[in-house]
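Peer 1: Chains as they are written, first to last, in the numbering used here: chain W, 1 to 127; chain G, 128 to 668. Note that the Cβ used here is the ideal one computed from N, Cα and C, for glycine as well. Below you'll find the structure I mean.
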Amino acid sequence: MVAEPPPSPRTRVVLAEAAARRATDRARADLAEQTPVGEALVKGLVRAQLALALRLALVVAAGLGTLPLLFAAAPAVGSFPVFGVHLPWLLLGLFSFPFLVGVGAAYVRWAERNEQDFTALIRRPEQ
Amino acid sequence: MNPYLAPGLVVVVLLTVAIGAYGLRFARTTSDFLVASRSVSPSWNAAAISGEYLSAASFLGVAGLILCYGVDMLWYPVGFAAGYLALLLFVAAPLRRSGAFTLPDFCQVRLRSAPLRRLATAFVLFIGCLYLLPQLQGAGLTFSTVTGGSYVWGALLVGVVVTANVAFGGMRAITFVQAFQYWLKLTALAVPMIFLILQWQADGRPAATPRAGAVFPAATTVVIEQDAVLDGGRAVEAGETLHFAAGDPVPQVSTVDARFGPEWLLPGGELGLFATYSLILATFLGTMGLPHVLVRFYTNPDGASARRTTLVVLAMVGVFYLLPTLYGVLGRIYTPQLLMTGRTDAVVLLLPEAALGGGHLGRLLGALVTAGALAAFLSTSSGLLTSVAGVIFTDVLRSGRSGSIRDFRLATVLAAVVPTGLALYVSDMDVSQVVGLAFAVAASSFCPLLVLGIWWRGLTDAGAIAGLIAGGGAAIASVLVTVFGPPLTGAAAELVEQPAAWTVPLAFVVMVGGSLLTGRRVPADVGATMLRLHAPESLRT
């Protein structure tokens with residue numbers, strides 16, 4: 001271990017900063033050296049991101065993936081007219097694309113929030 | 128011939144070269160290119176990715192399939208777009224953070240296995256060739272449609288031009304060129320569509336499937352390509368010319384597979400449930416395994432911007448895919464003769480002149496659409512050829528000796544020969560169907576590898592190899608049988624022509640099972656790799 005520089009006794013501010021830096025360094029070292037704490041932190045992040053991705057994939061599977069079954073089980077839906085156009089044409093040809101973009105936008109937002117939480121956890125002065 | 132055509136095509140090529148030359152001022156070498164691209168905003172980068180992705184299959188093939196088979200074919204554009212959502216959810220940011228430039232690189236980073244790297248290289252080559260094939264097919268078709276020349280010469284011509292371009296560096300994968308191609312393709316479909324819809328309104332909104340059956344909108348001459356029987360029992364011979372007056376009913380030709388009548392409007396007729404789900408799996412999960420898609424992700428500065436770029440790509444691709452559907456539907460009204468010849472992939476090219484007449488407007492818009500098609504072949508095949516040649520260059524040729532520009536040119540020619548030869552052989556397959564097969568192979572090989580590699584610590588090299596061989600091998604076998612084998616019927620045909628519904632789960636199961644059996648081979652540094660893949664860049668020291 002590298003010897004830490006002696007904290008300057010002159011002002012509280014410097015002390016507080018140094019203490020904060022030491023805590024951050026410890027969390028970063030936990031990450032870099034793969035200590036059990038670091039492993040747990042990374043596992044938590046991976047699990048959160050995977051759960052988010054799977055949840056949104058499930059939304060798409062439910063929203064789009066069930067359509068072929070629906071059309072097969074209820075042929076009336078397949079010929080249901082909306083503004084003179086059969087419903088499947090509207091659902092697949094028009095509305096599926098904004099739906100996909102909406103799911104993607106939600107993912108980007110929440111995935112970035114997960115990462116911010118993770119960063120804040122590592123950087124938090126008192127661990 | 129259309130007098131606006133030649134100037135239009137020349138303008139596209141000149142603009143491409145000019146923008147490329149302008150871009151070259153900033154980027155002279157590959158590494159320059161990568162560094163320079165980091166100053167490019169996500170929206171430029173996304174336009175470039177979309178420009179490279181929207182291929183002949185998207186530009187011509189989707190509309191042709193919809194014209195021919197109806198609403199079931201909408202799963203192709205939906206899947207092509209949704210592939211980017213799967214890429215965004217499971218792959219984009221971690222892949223960028225891994226620093227891998229190609230799929231074999233990713234295998235090296237994650238599992239540190241040379242045999243796996245070689246196997247992945249083989250898959251990249253196969254998928255690249257299979258994906259190049261329909262681009263050349265589309266080129267041949269466009270050539271024969273707009274000039275009346277032969278399909279073979281068109282496919283050869285574009286194959287040779289693209290190969291020469293890539294080999295001599297005339298068309299480097301520069302962000303600005305690809306981004307320009309996206310906007311060109313979008314304009315080339317969107318502007319004519321405005322006039323087409325106005326024309327359709329002026330014609331009194333004719334129905335796509337009139338109750339009395341399809342009729343010719345104007346006097347039409349059709350040349351029969353194969354001996355066949357028309358409905359009504361009349362036999363026709365190859366080469367025979369048929370004349371129809373405006374208002375005549377469109378006869379069904381026995382050798383051409385197309386859907387007539389109102390069931391064209393209804394789902395479930397052309398594709399069974401199994402085939403539909405197979406197609407959904409292949410397109411949703413296959414995009415992430417295409418060689419030219421992943422290379423582009425390296426140009427993002429970090430994982431978070433890779434995510435944002437992917438989201439913009441999803442939106443751009445989604446906007447584009449609204450248009451082919453309309454071309455397919457209007458083609459039903461204005462170009463019904465394509466249902467007799469089976470050349471439905473040509474609908475986008477023929478529709479403007481067919482609907483708007485042979486006046487200046489129709490010809491100008493026809494030339495615009497053809498210029499867009501040219502942009503589609505140039506951007507996608509150049510991007511594909513560059514990435515396939517790059518893999519041949521680094522992983523096949525350069526084992527033991529240092530690579531040179533000459534080696535890269537040799538690699539480019541090698542990468543181009545096989546698909547060009549194949550394109551001459553399989554001229555009669557639908558462009559989008561061949562693309563669907565390429566997606567099926569990618570979804571059954573690289574999708575499990577990427578998803579498990581990124582999210583599961585337990586993956587081992589032995590498990591990955593077993594999964595690639597089982598799932599990807601099964602998909603490749605299906606492709607080979609579909610392209611070269613005898614025609615199949617019944618359940619066997621569905622299993623082989625749309626294999627993804629069984630090959631993707633097979634690949635996942637074998638990969639997980641193999642990894643669990645060889646648990647001791649999990650790399651010792653898997654924790655560090657996971658940290659690198661998932662932790663935000665700001666935490667790196």
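Quick one: what's got a C-beta closer than 8 Å to M320/G's C-beta in the same chain, skipping five residues either side?
Peer 2: Cβ within range, chain order: L450, L453, Y454.
Peer 1: List the residues of chain G that V60/W touches, going by C-beta distances under 9 Å, in chain order.
Peer 2: Simply A209, L212, A213, L216, F411.
Peer 1: Which residues of the region 86 to 105 of chain W have a Cβ closer than 8 Å to any Cβ of chain G? Give them in chain order.
Peer 2: Within the region 86 to 105 of chain W, the qualifying residues are H86, P88, W89, L92, G93, L94, S96, F97, P98, L100, V101, V103, G104, A105.
Peer 1: Going by the C-beta, is G486/G closer than 7 Å to any heavy atom of the ligand GDP?
Peer 2: The ligand GDP is not part of the structure shown, which contains no ligands of any sort.
Peer 1: With F371/G as the anchor, note down where its beta strand (DSSP E) starts and where it stops.
Peer 2: Here the beta strand (DSSP E) through F371/G covers 368 to 371.
Peer 1: With A602/G and S571/G assumed to form a contact (beta carbons below 8 Å), what rounded beta-carbon distance in angstroms separates them?
Peer 2: Confirmed, Cβ separation roughly 4 Å.
Peer 1: Taking 8 Å as the CB-CB limit, is G65/W close to chain G?
Peer 2: Interface residue, yes.
Peer 1: Label L141/G either buried or exposed according to how many other C-beta atoms from any shown protein chain fall within 10 Å of its C-beta, with 16 as the threshold for buried.
Peer 2: It is exposed - the Cβ of L141/G has fewer than 16 other Cβ atoms within 10 Å.
Peer 1: Hey, quick one: how far does the alpha helix (DSSP H) through T347/G stretch, first residue to last?
Peer 2: From DSSP, T347/G is part of no alpha helix (DSSP H) but of the beta strand (DSSP E) over 347 to 350.
Peer 1: Pairs of beta-carbons, one from the region 491 to 508 of chain G and one from the region 213 to 232 of chain G, closer than 8 Å: are there three or more?
Peer 2: They do not touch, by the three-pair rule.
Peer 1: With a CB to CB cut of under 8 Å and the five nearest residues on each side skipped, what residues in its chain are close to L633/G?
Peer 2: Answer for L633/G: S571, A597, G598, A601, listed in chain order.
Peer 1: Answer yes if the region 572 to 580 of chain G comes into contact with the region 398 to 418 of chain G, meaning at least three C-beta pairs across the two stretches below 8 Å, and no otherwise.
Peer 2: These segments touch.
Peer 1: Which residue wins for smallest C-alpha separation from V546/G, given the options G286/G, A220/G, S182/G, P242/G?
Peer 2: Note that residue 546/G is Pro in the sequence shown here, rather than Val. P546/G has its Cα closest to that of G286/G, out of G286/G, A220/G, S182/G, P242/G.
Peer 1: Nearest CA to the CA of G191/G: which residue from A569/G, L579/G, Q560/G?
Peer 2: Out of A569/G, L579/G, Q560/G, Q560/G has the C-alpha closest to the C-alpha of G191/G.
Peer 1: So with CB distances below 7 Å, who are the chain W contacts of M657/G?
Peer 2: Under the 7 Å cutoff, chain W gives V42, V46.
Peer 1: Alpha carbon to alpha carbon, how far is V350/G from P333/G?
Peer 2: Whole-angstrom Cα-Cα distance: 26 Å.
Peer 1: Quick one: grab the DSSP three-state call for P663/G.
Peer 2: Reduced to three states, the DSSP call for P663/G is coil.
Peer 1: Taking Y461/G and A442/G to be in contact with their CB atoms under 8 Å, please state how far apart those CB atoms are, rounded to whole angstroms.
Peer 2: Contact doesn't hold; Cβ gap of about 30 Å is too wide.
Peer 1: What is the C-beta distance between L214/G and T437/G, in whole angstroms, given that I count them as a contact (C-beta under 8 Å)?
Peer 2: Confirmed, about 6 Å.
Peer 1: Less than 8 Å separating the beta-carbons of A208/G and V444/G?
Peer 2: Yes; because the gap between Cβ atoms is below 8 Å, this pair is in contact.
Peer 1: With DSSP run on the structure shown, which of helix, strand or coil describes A329/G?
Peer 2: Helix.
Peer 1: Helix or strand or just coil, what does DSSP make of A341/G?
Peer 2: Coil, per DSSP.
Peer 1: Between which two residues does the alpha helix (DSSP H) carrying I122/W extend?
Peer 2: Taken as a continuous stretch (DSSP letters only), the alpha helix (DSSP H) holding I122/W covers 96 to 123.
Peer 1: Is it buried or exposed for Y552/G, if we count other Cβ within 10 angstroms and need 16 for buried?
Peer 2: Exposed: under 16 other Cβ atoms inside 10 Å.
Peer 1: Does the beta-carbon of T83/W have 16 or more other beta-carbons within 10 angstroms, so that it is buried, or is it exposed?
Peer 2: A small fix is needed here, since residue 83/W is Phe in this sequence, not Thr. Flag for F83/W reads exposed.
Peer 1: What would DSSP say about A651/G, mapped onto helix, strand or coil?
Peer 2: Reduced to three states, the DSSP call for A651/G is coil.
Peer 1: For G104/W and L64/W, I'd like the C-alpha separation in whole angstroms.
Peer 2: C-alpha separation (whole angstroms): 14 Å.
Peer 1: So, does the CB of I117/G fall closer than 8 Å to a CB anywhere in chain W?
Peer 2: Any question about residue 117/G goes unanswered here, given that chain G covers just 128 to 668.
Peer 1: Give the DSSP-derived three-state secondary structure of V138/G in the structure shown.
Peer 2: The answer is helix: DSSP assigns V138/G an H, G or I state.
Peer 1: Mind checking who L564/G pairs with in its DSSP beta bridge?
Peer 2: DSSP output for L564/G lists no bridge partner at all.
Peer 1: Over the uninterrupted alpha helix (DSSP H) stretch that includes W171/G, give me the two end residues.
Peer 2: From DSSP, the alpha helix (DSSP H) with W171/G extends over 169 to 180.
Peer 1: Can you tell me where the alpha helix (DSSP H) holding A62/W begins and where it ends?
Peer 2: It is not in any alpha helix (DSSP H) - A62/W carries neither H nor E in the DSSP assignment.
Peer 1: In whole angstroms, give me the CA-to-CA distance for P479/G and A365/G.
Peer 2: Rounded to the nearest angstrom, the two C-alpha atoms are 28 Å apart.
Peer 1: Based on the DSSP output, what are the partners of P376/G in its beta bridges?
Peer 2: Bridge partners of P376/G: V342/G.
Peer 1: Beta-carbon of P575/G versus every beta-carbon of chain W: anything under 8 Å?
Peer 2: Chain W contact via Cβ: absent.
Peer 1: Compute the beta-carbon to beta-carbon distance between G669/G and Q305/G, rounded to the nearest angstrom, for a pair I have assumed lies under 8 Å.
Peer 2: Outside the displayed range of chain G (128 to 668) lies residue 669/G, so it cannot be described from this structure.
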